[in-house]
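Structure record follows, encoded as structure tokens.
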Amino acid sequence: MLKKKIFGRKKIEKSGFVKDLKIAYRSLEDPGAFIKKTLLPSIILGAILISFPFSLADLIPIEISPYSFPTVGLILIILAVLYPYISWKNKEMEINGKMHFFITHLRVLAISDLSLRDIINTIGEKKEVYKSLGDEIKKISILSTQWKVPLARAFKFVSDRTPSKILKDFLDRFSQSLISGVSHREFIEQEQGAVMEEYKTMYESANENLTILNEVYVSLLISIVFVMSFGLVMPMITGMKDMNTFVYGSSLALIITEGLLLYLLRSMIPADEIWPQTGEKSETEKRLYRLFFASLIACTFIGVAIFFVKVSTHLLDPLPFEILVSISLTPLALPGIRTFLEEQDIARRERNFLGFLPALGSISAMRGGKINESVGYLSEKDYGILTPHIRNLYKRLCTRIDDDSAWEWFGVDTCSNYIQRGSEMFREATYAAANPRDVARMITENVRKMRDLRLKKHAII
């Protein structure tokens, strides 16, 4: 019996990948579409590539490597088979990047009068904001409300199928605490600090990886520049006329390096959105989109004008082709500069918001939870670049049409994801009879921690 247990345990450890692969295939939203659009075409194309050296050997009088095409075809088939697993694992980073907002949201709602099932239902409706994490919470909500599954079992069911280890461990602990009779408010109060520390550790680890990646990128860039310089100097030393091989090869290596760097940045660094994720667009975002499309039109006109001048006259003959392309793409710098300046203003608004929200919580608590009157009082104060948005918020609240939309548009107009999420949490928690002072304090503390991590990342970049 002991031997059986030991070998059984080893078998479970070895089959972890197979188990994850099965879960990934079961998590496909449309298996038929995956088979028709991804799996079958990849298998057919891979089979064609594998048969190339054998089927074309007699038709084409060129020596074809018996390994190149079959290797590419085999890799294509393997990637198609593993695509659900790769897509499923990519959700891990997306879920981990939203855990700080999730635990903050959970904490502020836990001190309200809402039950645990209502809290889960409220967070499960935020799929646009939480994305993959929202999908996981929505599963718990459906299991508990529609299928009448106890929350402890629903937590355990989802934890066994989520790709995120942080969320899995949290749901496992939550499930065990509910089974043991621990109140959800007590558990969330204890776990908030632990989850935030775990997120902080993950973020700081990503920042360290970013530092290493930065050093590697600089080394590769120096090597590429050296090869390019070598190609420019070689004709002077050896009399070789063809230097394009070095120049074009170095340019291709530079493009590949930039693309690889972008991919590594997206896969290693947790998502930290600056702009709101509600789907609504502020006037600032609309202006930036209009400026971007106007820049594209300007690039097209400049490119066409340079082409006709190049063809019809000899004025631009001394300029290399690369310089002409750069001139035609110059207008694209305008939306980039404008976006950079706007993000500087967003950082200033977030700094002022960390002073506005605690003041709002304290005044609202002293006035018996009267949020609208407290906003009106603070709208007369000076909060710098945030002041016009506070006054617009008070005007919307005074219409008494929809307070939820008023707070949502307050966050959207500031163009800050932190402000939008913090305002939404504050509104939901105080509407559910939570203490405004405590809610504001919790949100401010967590937002300040997240903002400090972002500043450290920007300092490294």
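Per our numbering, residue 370 is the first one in the sequence shown, and the count goes up by one each step. Ideal placement from N, C-alpha and C gives every residue a C-beta, glycine not left out.
Residue from Ala521, Lys534, Tyr568 and Leu623 whose Cα sits closest to the Cα of Val551: Ala521
Reference Lys818, options Ser424, Tyr568 and Asn583, closest by Cα: Tyr568
Gln515: first and last residue of the uninterrupted alpha helix (DSSP H) it sits in: Where Gln515 is concerned, there is no enclosing alpha helix (DSSP H), given that its DSSP letter is neither H nor E.
Exposure of Val532, with buried meaning 16 or more beta-carbon neighbours within 10 Å: According to the sequence as given, residue 532 is Pro; it is not Val. Under this definition Pro532 is a buried residue.
Nearest residue (CA-CA) to Arg656, options Phe676, Met571, Ser456 and Gly705: Gly705
Cβ-based burial, Leu485 [other Cβ within 10 Å; buried from 16]: Buried, because 16 or more other Cβ atoms sit within 10 Å of the Cβ of Leu485.
Cβ pair Gly466, Pro645 closer than 8 Å: no
Where Pro645 sits in the DSSP three-state scheme: Per DSSP, reduced to three states, the secondary structure at Pro645 is coil, with no helix or strand assignment.
Touching by the beta-carbon criterion (3+ pairs, under 8 Å), the region 655-674 and the region 691-703: In short, these stretches touch, since the Cβ pair count reaches three.
Secondary structure of Lys406, DSSP reduced to three states: helix
Other residues of its chain near Arg736: CB distance less than 7 Å, five sequence neighbours each side excluded: Glu742 and Ser743
Cβ pair count under 8 Å reaching 3, the region 468-481 against the region 508-516: no
Inter-residue Cα distance where the pair is Lys460 and Lys406: CA-CA distance, Lys460 to Lys406, rounds to 21 Å.
Given Glu793 as reference, the closest of Leu726, Ser748 and Ile830 once Cα atoms are compared: Leu726
Beta carbon proximity, Gly600 to chain D, threshold 8 Å: This model lacks chain D altogether, as it is built from one protein chain only.
Closer than 7 Å: Cys784 CB and nearest the ligand GTP heavy atom: Although the ligand GTP was asked about, the structure shown includes no ligands whatsoever.
Own chain, CB closer than 6 Å to His553, minus 5 neighbours either side, in chain order: If you ignore the 5 residues before and after His553, its C-beta comes within less than 6 Å of the C-beta of Leu485, all in its own chain and listed in chain order.
7 Å CB neighbourhood of Phe386 in its chain, flanking five on each side removed: none
Lys372 burial status per 10 Å Cβ neighbour count (16 or more: buried): The pLDDT assigned to Lys372 is 42, lower than 50, so where the model puts this residue is not dependable; a value taken from the coordinates is nonetheless given after this. Classification of Lys372: exposed, given that the 10 Å Cβ count is below 16.
Closest Cα partner of Tyr746 within the set Ile754, Arg717, Ala728 and Glu652: Ala728
Rounded separation between Asn786 and Ser636 - CA only: 21 Å
Best match in Asn721, Phe595 and Ile535 for proximity to Val570 [C-alpha to C-alpha]: The amino acid at residue 570 is misidentified as Val; the sequence shows Thr. That would be Ile535, whose Cα lies nearest to the Cα of Thr570.
Residues near Val673 by beta carbon distance below 6 Å, same chain, minus five either side: none
Asp538, DSSP secondary structure in three states: helix
Within 8 Å, strictly: CB atoms of Ser579 and Ile829: Residue identity check: residue 579 is Leu in the sequence provided, not Ser. Yes. Within cutoff.
Buried versus exposed call for Thr682 [16 or more other C-beta atoms within 10 Å across all chains shown]: exposed
Residue range of the alpha helix (DSSP H) that includes Glu742: Ile740 to Leu747
Whether Met526 touches Leu512 by CB criterion (8 Å): The sequence given here places Phe at residue 526; Met does not occur at that position. Contact: yes.
Per-residue DSSP class, three states only, for Lys380: Note that Lys380 scores a pLDDT of 45, beneath 50, so its modelled location is shaky; the value from the coordinates is reported in the next line. Helix.
Exposure of Met605, with buried meaning 16 or more beta-carbon neighbours within 10 Å: exposed
Cα-Cα separation, Thr491 to Leu822: 28 Å
DSSP-derived helix/strand/coil call for Pro422: helix
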